[in-house]
Structure formats: C-alpha cells, structure tokens
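**Student:** Starting off with a structure, shown below.
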C-alpha cells in the first residue's frame, strides 16, 4: 500500500467516530442555552453586558428554544438589605422584558438566597423571596419538552452551623429525585440542572497545593456518590449542567456527561475567571438521547 493511502486510511479511522449528529444529517429536537452566574447588579456595566449576552443567544441559528438559567441570578442576596435586593430583581425584570423573548427555566444559586440572620422572622426569608419572583412553588421541579425531561435541582442548603451553605439535595429532595427517575419512561432522555456541580474537575485548579487538594462542601455536592449511584440505575440520565465556580469543564463518568459552564459574568464582571471567558453553554438535543454542546463566548 502506498504511503498516501495509509495516511488516508488512518485519517478515516480518526474522522469517522468524530462525526457529529449534525454531519450525519440528524436534526435536533431542541436547542437550549445554559446561562449561569449572571450576578446582575447596576454596576461594572453589568446590565449592558447581560443584554449583549441575551442578544447573542437570540442571534443563534438555529434558534434557541429556551434558556436554562443555572442560578446566581442576581449579584448577591445573602447579607443584603431588602432595598438592595428589590433593586437587583427590578433590574433583572426590566432587562428580561426589554431584551429577551426566549422563555427560561430557573435554578436557584447560593446568591439567590436571603440568609441574613437579622431577617429570619420575615416571610420572604431564605428562598421564598426568589421563589415568589420566579413564580415557583418549590426550588426543584421537572419539565418535559419534545421528548426530553429536564430536572431542575436545588443544590443549596444551610450548612451544619446554619450560617452558610453546603452543596447537597437533602433527604426530601433526594426521595423526590428517586421517584422522578423511577416514574420516567426509560426511553426518555434526561438533562439535570443544578447550580453547584454534582461532579467537576475545576476544583483541582488551585495555585498552591501541598500534598493534597482541599474541597469545600460549598464548591461541589457533598452527596456526589449517592447521586451518581442513583444515576447509574437510570441510563437515560444523559447530561448534568452546573455553574457556580465560573470555570468551564466537562467530565464523563458512567456514561453521564457532567458539564460545568463558565459564568455569564466571568470574574464577577471583571473579565475572565482564570482562563474561562464570560459565556454560556449551547446544546443541541436529539431524539435518541445524544447531544452536541459547546461553550460560547459572547
């Protein structure tokens, strides 16, 4: 065999498995944009940059069917007074109304929870304020569209000292998730959305490491093993999206793809966070449970 033919055949071996569904002629049943960690406030030109991001999403072709907002919707509610919180949400409402025509489903982030110890007696303390703003009965729920199921989780809970947060589901939500997966047709592909990553490699990216890495319970789910064991029983769980760390990575484990996308706000509206530029995830979902995805800088 001539050298040129050998090279041609070797190239074919590499190229054939890499063909995407689009190149094979398949058409997606849904196109979804994953926007996370917007951290909206009326500073650092954040409103104009967020509007630019929304315009960029709406200019995609094929068009985006809906947005999955991964949490940290406003800049910070944790220790703020109610006046500042109201202002941040009013800004969000005004921008969405003026700049976006795409429907959205929301996940709560740690910055979307009002945990000031001085406000515990108020009716909107905790997650209730944000649930009311988003017209949600609970912070976790599911929706079905075009043959796919989308499970939105609440990964933010009070830590053991009741003053800060930890990543987990808790017993009640985990039981709900078990039931949700059990009662979903095994042929229905599932996408899971959480704010805090269920599984990520981004926590390894630290400038100074001694003889071990330290991972805080607020950086990744503390019940990762339990969730992964549950997913293993349900092969129709295809992809899990998250944000929170403002870094982009993709980890595949037990045939589930865990994608942590970078933040719309980048480094909290101050440029790139390490090597991850401000952006959003774009996913094409297919009827057979396969998908294409990429991270888009706007």
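Residue numbers (my numbering): 3 to 300. Glycine included, C-beta positions come from ideal geometry on N, C-alpha and C.
1. Do you know how far the Cα of residue 97 is from the Cα of residue 67?
2. By Cβ distance below 6 angstroms, which residues in the same chain neighbour residue 25 in space, the five residues on each side in sequence not counted?
3. What does the Cβ neighbour count give for residue 217, buried or exposed, with the cut at 16 atoms within 10 Å?
4. Taking DSSP as the reference, what is the three-state secondary structure of residue 77?
5. Just to check my reading of the structure: residue 128 and residue 145 have Cβ atoms closer than 8 angstroms, yes? What is that Cβ distance to the nearest angstrom?
6. Inspect the CB distances between the stretch 273-292 and the stretch 29-39 and report whether three or more fall short of 8 angstroms.
7. So what does DSSP say about residue 104, is it helix, strand or coil?
8. With a cut-off of 8 angstroms on the beta carbons, I'd call residue 31 and residue 164 a contact; round off their distance for me.
9. Determine the burial state of residue 62: buried for a count of at least 16 other Cβ atoms within 10 Å of its Cβ, exposed for fewer.
10. Does the distance from the CB of residue 51 to the CB of residue 267 come in under 9 angstroms?
11. For residue 140, which residues in the same chain have their Cβ closer than 8 angstroms to its Cβ, ignoring the five residues on either side in sequence?
12. How would you label residue 158, buried or exposed, when you count the other beta carbons within 10 angstroms and need 16 or more for buried?
13. Is the number of C-beta pairs between the stretch 101-115 and the stretch 46-60 that are closer than 8 angstroms three or more?
14. Less than 9 angstroms between the C-beta atoms of residue 191 and residue 290, yes or no?
15. For the alpha helix (DSSP H) holding residue 226, just list the boundary residues, first then last.
16. Thinking residue 233 and residue 193 are a contact (beta carbons under 8 angstroms), I'd like their distance in whole angstroms, please.
**Tutor:** Taking the geometry as given:
1. By one-based count along the chain shown, residue 67 stands at place 65. By one-based count along the chain shown, residue 97 stands at place 95. Taking the straight line joining both Cα atoms gives about 19 angstroms.
2. Within the chain shown, residue 25 is the residue found at index 23, counting from 1. Here residue 25 scores only 47 on pLDDT, less than 50, and its place in the model should not be relied on; the value that follows carries that caveat. Close CB contacts of residue 25 within its chain, under the 6 angstroms cut and outside five residues either way in sequence, are absent.
3. Counting from one through the chain shown, the residue named residue 217 turns up at place 215. It counts as exposed.
4. Counting from 1 along the chain shown, the entry for residue 77 is found at position 75. In the structure shown, residue 77 sits in coil (DSSP, three-state: anything other than H, G, I, E or B).
5. The residue given as residue 128 occupies position 126 in the chain shown. The residue given as residue 145 occupies position 143 in the chain shown. Contact flag wrong, Cβ pair sits at about 24 angstroms.
6. Counting Cβ pairs under 8 angstroms, three or more are found: they touch.
7. Here residue 104 refers to the residue found at position 102 when the chain shown is read from its first residue. Reduced to three states, the DSSP call for residue 104 is coil.
8. Indexing the chain shown from 1 puts residue 31 at position 29. Indexing the chain shown from 1 puts residue 164 at position 162. No, residue 31 and residue 164 are not in contact; Cβ-Cβ is about 44 angstroms, not under 8 angstroms.
9. If you number the chain shown from 1, residue 62 lands on position 60. By the neighbour-count rule (16 or more Cβ atoms within 10 Å), residue 62 is not buried but exposed.
10. Residue 51 sits at position 49 when you count from the first residue of the chain shown. Residue 267 sits at position 265 when you count from the first residue of the chain shown. Contact flag set, yes.
11. Position 138 of the chain shown, counted from the start, is the residue given in the question as residue 140. The answer, listed in chain order, is 133 and 156.
12. Here residue 158 refers to the residue found at position 156 when the chain shown is read from its first residue. Under this definition residue 158 is a buried residue.
13. At 8 angstroms Cβ cutoff, the stretches touch.
14. For the purposes of this step, residue 191 is identified with residue 189 of the chain shown, where counting begins at 1. For the purposes of this step, residue 290 is identified with residue 288 of the chain shown, where counting begins at 1. At a Cβ-Cβ threshold of 9 angstroms, residue 191 and residue 290 count as neighbours.
15. Walking along the chain shown from the start, residue 226 turns up at place 224. First-last of the alpha helix (DSSP H) with residue 226: 226-234.
16. Counted from its first residue, the chain shown places residue 233 at position 231. Counted from its first residue, the chain shown places residue 193 at position 191. Between residue 193 and residue 233 the Cβ distance is about 12 angstroms, and since that is not below 8 angstroms, they are no contact.
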